[in-house]
Every structure is written in structure tokens, then in C-alpha cells.
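Below: one structure, written as C-alpha cells.
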Amino acid sequence: MDSIGQYLRSERERRQISIEELAQTTRIPIRILLELEADRFDELPGDVFVRGFLRSYARALGMDDSAVLARYGALYPSSEAPLPIPAIEPPEKGRRYGVTFAVVVLLVLFTLALSVVLRPRHRDIPMELSRVDSPAAGLTPERSLIELEAPAAVTFALNERLSAPRS
Numbered sequence: 687m688d689s690i691g692q693y694l695r696s697e698r699e700r701r702q703i704s705i706e707e708l709a710q711t712t713r714i715p716i717r718i719l720l721e722l723e724a725d726r727f728d729e730l731p732g733d734v735f736v737r738g739f740l741r742s743y744a745r746a747l748g749m750d751d752s753a754v755l756a757r758y759g760a761l762y763p764s765s766e767a768p769l770p771i772p773a774i775e776p777p778e779k780g781r782r783y784g785v786t787f788a789v790v791v792l793l794v795l796f797t798l799a800l801s802v803v804l805r806p807r808h809r810d811i812p813m814e815l816s817r818v819d820s821p822a823a824g825l826t827p828e829r830s831l832i833e834l835e836a837p838a839a840v841t842f843a844l845n846e847r848l849s850a851p852r853s
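Residue numbers (my numbering): 687 to 853.
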């Protein structure tokens, strides 16, 4: 019985397919294909990859991939036992003040930002001025809505300054 590598090489040569064409079809590097044909499986990655390479090789040649894998399994039994899956342990129930503190700080910042954004504007205007009974009742260009009088002291000081002789 031929080795799996010799068997694959003879099938490839019988179909007149070059190693470069096979590498392009399977997208397996030429170095790995040559190692498969030379039965140097110890230089290849794990058994799972070798089986994948053999499957792709067989399909590219139009062969039955399950027969090639069975032949490989008979010649090279899998010696790797699957690694045990470690048990998932629940996290320790320690005090998590850091997370609680961060959540509280974020809530306070969010509340402050919301209060700034949603704060009503123009609350400084007295209610008497903001309420208008009729929009243009009695307004003329000569009169303003609010007539302000300057305080007497300010008016007196301005009059003195204006009437003083300039030197």
C-alpha cells in the first residue's frame, strides 16, 4: 500500500496537473503541498489542518475526499486527544464599589447636562412686560413701550458737565 503522499502525487500526475496549478486552485502554499506529498506531516500544523489540506487536495483533483481522509486515518491514527474544556467558574462575588461609583458619577453628569439643555430660557423678563393684551395698542413711533426716566442725580450731573466751560 502506497503512503498517502505517494498516492496523492500519483493521482495528480495521472491527471496532468502541476503543483503550481494545484496550489492556485486550492489556495494552499506550494511548500505545504510538497510536504503533504512527501508525508512530512510532523512539519505541518495540527492534525485538523492536515485533514483540511487533504480534503482540499482531493476535491481539487476530483477525488472522493472521504476516501482520502479514511486512508490518512488508517495510516496515521490521530494521537492527539482533544483538550479538556475547562469548567467555567462564576466570578467572585466581591464588592464592586468602583463600578457603582462610576455609575453614580455618570448619572450625576447626565442629570446636570440634561438640566442645562432643558433649562427654560428668558425667565428674567417680568410677567407684566411679557404679557401683551393687544399687539399694537397705542404704539406710535414717537412713544416707546416703556418710557424710562433718568434719575434726577444723573440728569443734574450731566447738565453740569455739559454747561461747564471747556478749557
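A virtual CB, placed ideally from N, CA and C, is assigned to each residue, including glycine.
- Rounded to whole angstroms, SER764 and GLY691 show a C-alpha spacing of 17 Å.
- For ALA744, same chain residues with a beta-carbon under 6 Å away, outside a window of 5 residues either side, are ASP751, VAL754 in chain order.
- Rounded to the nearest whole angstrom, the CA to CA distance from ARG695 to ALA773 is 45 Å.
- A distance below 7 Å between beta-carbons, with the five flanking residues on each side excluded, links ILE718 to the following residues of its chain, in chain order: LEU730, PHE739.
- In its chain, beyond the 5 residues on either side, LEU708, LEU747 have a beta carbon closer than 7 Å to the beta carbon of ARG698.
- Out of ASP725, ILE705, ARG726, the CA that lies nearest to the CA of ILE716 is found in ILE705.
- For the 8 Å CB-CB criterion, THR712 and SER742 form a contact.
- Following the DSSP letters along the chain, one finds SER801 inside the alpha helix (DSSP H) bounded by residues 783-804.
- Inclusion of TYR693 and ARG757 in the CB contact set at 8 Å is warranted, their separation being smaller than that value.
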